[in-house]
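Enquirer: In the UniProt record's numbering, the protein residues as written are 1 to 135.
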């Protein structure tokens, strides 16, 4: 595995709710426009719900109207890792994972024309993150 936080499948199941486990550990996706942070404008830090690592800051969150919280940059260059995702036939994507525990967070898309400083949209499941107010 090679992550700073490593747990057995049983430990993850005991720590996370069934919905959290399905997204974070099985690369699931919550339904669009249902997550608690989709429209949040609260200032703070978004941490991994599985291990607590800092992932994103509210300063990089933007309204993409896609149904999930969107960020244009992680909190630090080593906060997340990406890998190719070919789970949807004919539609390759780039999966975003927590670099500390390897949990699935969502996907990142490039070149969609949002006019953000990085031209990236980190499309993140609300259930995969937890907002800590204040920044």
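From the three backbone atoms N, C-alpha and C, an ideal C-beta is built for every residue, glycine too.
(1) Would the beta-carbon of residue 136 fall within 7 Å of that of residue 105?
(2) Start and end of the beta strand (DSSP E) containing residue 23?
(3) Using 10 angstroms around the beta-carbon of residue 18, count the other beta-carbons present and answer buried if the total reaches 16, otherwise exposed.
(4) Assuming contact is defined by CB atoms lying nearer than 7 Å, are residue 45 and residue 110 in contact in what I supplied?
(5) Check each candidate in 20, 134, 114 and name the one with the smallest Cα separation from residue 72.
(6) Over the uninterrupted alpha helix (DSSP H) stretch that includes residue 11, give me the two end residues.
(7) According to DSSP, is residue 118 part of a helix, a strand, or is it coil?
Expert: In brief:
(1) No answer is possible for residue 136: the residues shown for the chain start at 1 and end at 135.
(2) Along the chain shown, one-based indexing puts residue 23 at 23. No beta strand (DSSP E) contains residue 23, which is instead part of the alpha helix (DSSP H) from 18 to 24.
(3) Sequence index remark: in the chain shown, residue 18 carries index 18 (1-based). Its Cβ having fewer than 16 others within 10 Å, residue 18 is exposed.
(4) Numbered from its first residue, the chain shown carries residue 45 at position 45. Numbered from its first residue, the chain shown carries residue 110 at position 110. In this structure, the beta-carbon distance from residue 45 to residue 110 does not fall below 7 Å.
(5) As a first step, residue 72 is located in the chain shown; it is residue number 72 there, counting from the start. For residue 72, the nearest C-alpha among the options comes from 114.
(6) For the purposes of this step, residue 11 is identified with residue 11 of the chain shown, where counting begins at 1. Run containing residue 11: 9 to 15, per the alpha helix (DSSP H) assignment.
(7) Your numbering for residue 118 matches position 118 in the chain shown. Residue state, collapsed to three classes: coil.
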